[in-house]
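These notes concern the structure reproduced below.
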Amino acid sequence: MNRVLRDTGVIAKKELKQLSRDPLSLALTVMFPILLISIFIVISSAFRDPNVIPIVVADLDGSGESKLLIDKISLSRSVRIAELVQTEEAAMEAVQSGKVIGAIVIPEGFGNKIVNSKEAFIVVQTDNSKLTASMMIVMAATEQSEALLEDYRTERALKLTAVEVVSRPISGRPMTGDLILPGYLGLITILGAFDDAVNAITRERERGTFPRLALTPMNLLSIYGGKMFATLVTNGLRTTFVLIIFILQGLVIRGSIPLIYLTTSLMAIFTLSFGLMVSTRVRSSSTLTILEIAMTFPLFQLSGAFSGPETLAPGGRAISRMLPWTWGNEALRRIIYLGLGLEGIGLDLIVLSASTIVLLPLATYFSKRTM
Amino acid sequence: MNMPRLKVLRDVLAVITNESRLLRRSRSAILISLVVIPLFFTSSLGAGRGRAGEDYSTTAKLPIAFIDQDMTAASGNLYEVLAMSKDFNMLIQGYTEEEVIATLGKGGIFAAIIVPKGFQKNLLAGNTAYITVYYDDGSLGMLDVVTSNIQKNIVNFNPTSKVIQTFQPSGFARIQILQKGTKFSGFSVGLTVTMVMVIVFATFYEIAGSISRERESGTYARLLVTPISLGAVMVGKTLYDTGLNIIRSFIVLGLAIYVYGARLNTDLATVLISTLLIAILTMGFGFLVASLGVGVRAVVIIEFFLVLFLFAFSGFIIDKELMRGITQAISTILPWAYGIEVFKRTILIGQPLTSLTYQLQIIGLSITAFYAIAYLMLRSSRERLIR
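Quick mapping for you: the protein sequence lines, in order, are chains P and S.
Quick note: the first sequence, position 316, residue 320 per the working numbering, numbers continuous.
Quick note: the second sequence, position 214, residue 1143 per the working numbering, numbers continuous.
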């Protein structure tokens, strides 16, 4: 037993030494999480403070109410009236030619209907190939219409019966832009561990050093154990970097930090087993890396990193639940957001561990056969 | 046809034949390039978003608690409206507020709708009545799907038909927003992203990766010292990869149309031309990266960041027009962003390709610049090698 442990330590040390000698891999280990999260921060800042969207407005009514609505729209923070046009056709043309993203047309009789307490309408034409911008124009039109009606009601001292929905998160945390940060940690863990599998097994096989390693007096358990331990160390490093960035970003981690490390470690070991399994069929390290990147897109969609499995289409929900990574990502969110302990994420950790227990011996067996 | 032109054509054909032979010999390359990437990307999109036009409600089969603290006709009506809608098939009653808060986040229920005491009283007095939605914020996106479905159904809610005739009493002005613009499914939006990603992802590796691999294995130097001109090598590789991209595009489109029911708002020729423009742009960039003399691993790393940059800055996640500062600058200089715009405008809203001259000019200029710089750099490295 002592010998197995000693050999495992030796292999782990060799792996880490090899990593430190390869500046590219070392830089990737360090830079990868930082770059990925930096890009996320840039995107989320664009979402928080978007540019003002140019629109055109056609006032076919010319009443006091329509002018008031235009005034309100011009005060909106999300849209900017680039031009006032005379006809509906000119407004539509401006959108279709790509000059502006949206147009608001106030039809004739608009003011009259408001004054007579009837239902009026406005037409919002948008270039729907710009999804977010279109949505923002519709939202701005709705908000400013509501504001106009509110003024009208206040003026006439009218009260409106309505039902308002108030939402409360169970963590008690107000809505912030950091909702998908735990998903990033999950994705970095998965991609990092898959890269470790490429480094640990395939590249060694390409260099021809793997059979030599297998021919040493060390048993296979120590070899794989050592590689796994090295992955755990690099994973720990990556997790630390990511957590530091999270904290600098103002994310409050409500749960236990050791539990986060435990979850990412389990995710990393499962991914390493998966990588080991794939490497028995795909021998080239570059092909394996390409496969790793190819996996990123489905993982974005289905591993629960950026959308909860429950919010997917029924088919996707089932697939998502079958992926052990989904359980890991869920556990990370529950620890970080809800501050849940083992009692809350026990099932997630069991699924991750059980999947590893099934996959690892299989991967080792098939890997042994390829030698 | 004169002799030099014939020779160039023969050389180009020889390069294409060589590339095809290499592909045929590598089973994993065929699998990854033509099966795994198109299949992975398209089917994960279909699984995540559902078929095009598929009508499903994300909250329909989610256990959601309904706690009626008011116990009036109005709150009962609200329960009926929600339960009868197709959005809340699993409304569970019998929980208390405390029990719900303790259960949420542990997987049993995903949200709770609480109708507080005084709900009907407020409505009858003409005041705003509130309902509270507790949601599990450990489950990403849950708040949006639950509240949007409540708000969608609450429009049909009539507090007490006996007491108040309509929810929106007459005598109040309302403004309806009529939305105009081409409508398409979420799957179709995803399809444009998927197509571009599949093309960029596979094409870049096929060009830059193949040259780097040949360089590492030593066959690239041998290819350079043959009488085949560098131009013929580049054209040959480009034509070969164009062929692969046509096959790939048909696989993705076939899956999207016949399996997931996607509908294109333009003709097939426009889709193919747009696809090939993005492919040739990526090939040019691939040649440029390969001309730097980088290894396969570096190519893979560059590919990863290229895909990441495209995802972040080319209008996939957030429209280019909404970006400002550094993000806008990056988005403006990324030629793929214009290709993606062409793709979205043609496939999604059916705009003719000929009306997108500005975007096409930028793509054309970028392709020319990539190819020209790559050619000059590869030629100088060839001259160094021959000397």
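Built from N, CA and C at the ideal position, the CB exists for glycine as well.
None of these values were measured; they are calculated from a predicted model.
(request) Kindly indicate which residue of P/Pro-27, P/Glu-147, P/Leu-364 has the alpha-carbon position closest to the one of P/Gly-229. (result) In the first sequence, the residue the question calls residue 229 of chain P occupies position 225. When only C-alpha atoms are compared, the closest one is P/Leu-364.
(message) List, in chain order, every chain S residue whose beta-carbon is nearer than 9 Å to that of P/Asn-203.
(response) Within the first sequence, numbered from 1, the residue matching residue 203 of chain P stands at position 199. Near P/Asn-203 there are no residues of chain S at all, since even the closest Cβ is about 10 Å away, more than 9 Å.
(request) Please confirm if the segment 1171–1178 of chain S is in contact with the segment 1198–1214 of chain S, defined as three or more CB-CB distances below 8 Å between the two stretches. (result) yes
(message) Based on DSSP bridge pairs, tell me the residues matched to P/Gly-106.
(response) Start at 1 with the first residue of the first sequence, and residue 106 of chain P comes out as number 102. P/Ile-59, P/Thr-130, per the DSSP bridge assignment.
(request) Show which residues of chain S have a CB atom less than 7 Å away from the CB atom of P/Tyr-188. (result) Taking the first sequence and counting its residues from 1, one reaches residue 188 of chain P at position 184. By Cβ distance, chain S contributes nothing, its closest Cβ being about 12 Å from P/Tyr-188, past 7 Å.
(message) If we define contact as Cβ-Cβ less than 9 Å, is S/Asp-1066 a contact residue for chain A?
(response) Protein chains in the displayed structure are P and S, and chain A is not among them.
(message) Taking the beta carbon of P/Thr-91 as the centre, do at least 16 other beta carbons fall within 10 Å, making it buried, or is it exposed?
(response) Position 87 of the first sequence, counted from the first residue, corresponds to residue 91 of chain P. Exposed: under 16 other Cβ atoms inside 10 Å.
(message) Going by beta-carbon coordinates alone, are P/Thr-33 and P/Thr-238 separated by less than 9 Å?
(response) In the first sequence, counting from the first residue as 1, residue 33 of chain P sits at position 29. In the first sequence, counting from the first residue as 1, residue 238 of chain P sits at position 234. Yes, the pair counts as a contact, with Cβ atoms nearer than the cut-off.
(request) For P/Leu-270, I'd like the list of residues in its chain whose CB is within less than 8 Å of its CB, leaving aside the five on either flank, ordered along the chain. (result) Along the first sequence, read from residue 1 onward, the residue named residue 270 of chain P stands at position 266. Around P/Leu-270: Gly-332, Leu-353, Leu-356, Ser-357, Thr-360.
(request) Name, in chain order, the residues that DSSP records as bridge partners for S/Asp-1059. (result) Translated into the one-based positions of the second sequence, residue 1059 of chain S becomes position 130. Per the sequence shown, the amino acid found at residue 1059 of chain S is Tyr instead of Asp. In DSSP, S/Tyr-1059 forms a bridge with P/Glu-168.
(request) Take P/Gly-382 as the anchor and find which of P/Asn-132, P/Gln-253, P/Ala-335, P/Leu-351 has the nearest alpha-carbon. (result) Only positions 5 to 375 of chain P appear in the structure, and residue 382 of chain P is not among them; the question remains open.
(message) Using only CA atoms, which one of P/Glu-147, P/Leu-295, P/Phe-125, P/Thr-368 lies nearest to S/Gln-1105?
(response) Here the question's residue 1105 of chain S lines up with position 176 in the second sequence. Nearest option by C-alpha distance: P/Phe-125.
(message) Give me the DSSP bridge partner(s) of P/Leu-88.
(response) The residue you call residue 88 of chain P lines up with position 84 of the first sequence. P/Val-61, per the DSSP bridge assignment.
(message) My assumption, with CB atoms under 8 Å, is that P/Ile-41 sits in contact with P/Ile-249. Please give the rounded CB distance.
(response) For the purposes of this step, residue 41 of chain P is taken as residue 37 along the first sequence, with counting starting at 1. For the purposes of this step, residue 249 of chain P is taken as residue 245 along the first sequence, with counting starting at 1. Going by Cβ atoms, the distance from P/Ile-41 to P/Ile-249 rounds to 5 Å, so yes, they are a contact pair.
(request) Just tell me which of S/Ser-1178, S/Ala-1303, S/Leu-938, S/Ser-949 has its CA closest to the CA of S/Leu-968. (result) Position 39 of the second sequence, counted from the start, is the residue given in the question as residue 968 of chain S. Ranking S/Ser-1178, S/Ala-1303, S/Leu-938, S/Ser-949 by Cα distance to S/Leu-968 puts S/Ser-1178 first.
(message) Going by the DSSP bridge assignment, what does P/Ala-124 pair with across the sheet?
(response) Translated into positions along the first sequence, residue 124 of chain P becomes position 120. Answer is S/Ile-1104, bridged to P/Ala-124.
(request) Could you tell me whether any Cβ in chain P is nearer than 9 Å to the Cβ of S/Leu-1072? (result) Start at 1 with the first residue of the second sequence, and residue 1072 of chain S comes out as number 143. Yes, because at least one Cβ of chain P sits closer than 9 Å to the Cβ of S/Leu-1072.
(request) Would you give the residue range spanned by the beta strand (DSSP E) that S/Ile-996 belongs to? (result) Counted from its first residue, the second sequence places residue 996 of chain S at position 67. Segment 993–997, the beta strand (DSSP E) holding S/Ile-996.
(request) Under 8 Å Cβ to Cβ from S/Leu-1235, same chain only, skipping five residues before and after it: list those, please. (result) Mapped onto the second sequence, residue 1235 of chain S falls at position 306. Within the same chain, S/Leu-1235 has close Cβ partners Val-1129, Phe-1133, Phe-1214.
(request) May I have the straight-line CA-CA distance separating S/Arg-1313 from S/Arg-954, to the nearest angstrom? (result) Counting from 1 along the second sequence, the entry for residue 1313 of chain S is found at position 384. Counting from 1 along the second sequence, the entry for residue 954 of chain S is found at position 25. Each residue's alpha carbon lies about 32 Å from the other.
(request) Compare the C-alpha of S/Val-1127 against each of S/Val-1062, S/Phe-1048, S/Thr-971 and name the closest. (result) For the purposes of this step, residue 1127 of chain S is taken as the residue at position 198 of the second sequence. The option with the nearest alpha carbon to S/Val-1127 is S/Thr-971.
(request) Check whether the Cβ atoms of P/Pro-58 and S/Glu-1250 lie closer than 9 Å to each other. (result) Taking the first sequence and counting its residues from 1, one reaches residue 58 of chain P at position 54. Taking the second sequence and counting its residues from 1, one reaches residue 1250 of chain S at position 321. Closer than 9 Å, so yes.
(request) Could you pull out every unbroken alpha helix (DSSP H) segment of at least 4 residues lying fully inside the segment 1222–1294 of chain S, listed in chain order? (result) 1225–1242, 1255–1262, 1264–1272
(message) Does S/Ile-1038 come out as helix, strand or coil in the three-state DSSP assignment?
(response) Position 109 of the second sequence, counting from 1, holds the residue named residue 1038 of chain S. If DSSP states are grouped into helix, strand and coil, S/Ile-1038 belongs with coil.
(message) Contact criterion: CB-CB distance below 9 Å. Does S/Arg-934 meet it with respect to chain P?
(response) One-based indexing of the second sequence puts residue 934 of chain S at position 5. No, S/Arg-934 does not count as interfacial toward chain P.
(request) Report yes if the C-beta distance between S/Gln-1049 and S/Thr-1001 is below 9 Å; otherwise report no. (result) Counting from 1 along the second sequence, the entry for residue 1049 of chain S is found at position 120. Counting from 1 along the second sequence, the entry for residue 1001 of chain S is found at position 72. A contact, by the Cβ cut-off of 9 Å.
(request) Output, in chain order, the set of chain S residues within a Cβ distance shorter than 8 Å of P/Thr-291. (result) Here the question's residue 291 of chain P lines up with position 287 in the first sequence. Ordered by position in chain S, the residues that pass the 8 Å Cβ test against P/Thr-291 are Ser-957, Ala-958, Ile-961.
(request) Would you please verify whether the beta carbon of P/Tyr-369 is less than 9 Å from any beta carbon of chain S? (result) As a working note, residue 369 of chain P is residue 365 in the first sequence. P/Tyr-369 does not count as touching chain S.
(request) Determine which residues share a DSSP beta bridge with P/Val-83 and list them. (result) Position 79 of the first sequence holds residue 83 of chain P. According to DSSP, which records beta bridges pairwise, P/Val-83 is partnered with P/Ile-57.
(message) Counting C-beta neighbours from all protein chains within 10 Å, is the total for S/Arg-950 16 or more, i.e. buried, or is it exposed?
(response) One-based indexing of the second sequence puts residue 950 of chain S at position 21. Classification for S/Arg-950: exposed.
(message) With H, G and I counted as helix, E and B as strand and the rest as coil, what does DSSP make of S/Val-937?
(response) Within the second sequence, numbered from 1, the residue matching residue 937 of chain S stands at position 8. Three-state result, S/Val-937: helix.
(request) Enumerate in chain order the residues of its own chain whose CB-to-CB distance from P/Thr-244 is below 6 Å, with the five nearest sequence positions on each side excluded. (result) For this step, residue 244 of chain P is matched to residue 240 along the first sequence. Same-chain partners within the cutoff: there are none.
(message) P/Ala-298 and S/Val-965 - do their beta-carbons sit closer together than 9 Å?
(response) If you number the second sequence from 1, residue 965 of chain S lands on position 36. If you number the first sequence from 1, residue 298 of chain P lands on position 294. Result yes, Cβ atoms of S/Val-965 and P/Ala-298 sit closer than 9 Å.
(message) Extract the residue ranges of the alpha helix (DSSP H) inside the segment 200–242 of chain P, only unbroken runs of 4 or more that lie entirely within it.
(response) 207–211, 213–219
(message) Just verifying my parser: in three-state terms, what is the DSSP assignment at S/Pro-967?
(response) Here residue 967 of chain S corresponds to residue number 38 of the second sequence, with the count starting at 1. It is helical.
(message) How far does the alpha helix (DSSP H) with S/Asn-1194 in it extend, from its first residue to its last?
(response) Numbered from its first residue, the second sequence carries residue 1194 of chain S at position 265. Where S/Asn-1194 is concerned, there is no enclosing alpha helix (DSSP H), given that its DSSP letter is neither H nor E.
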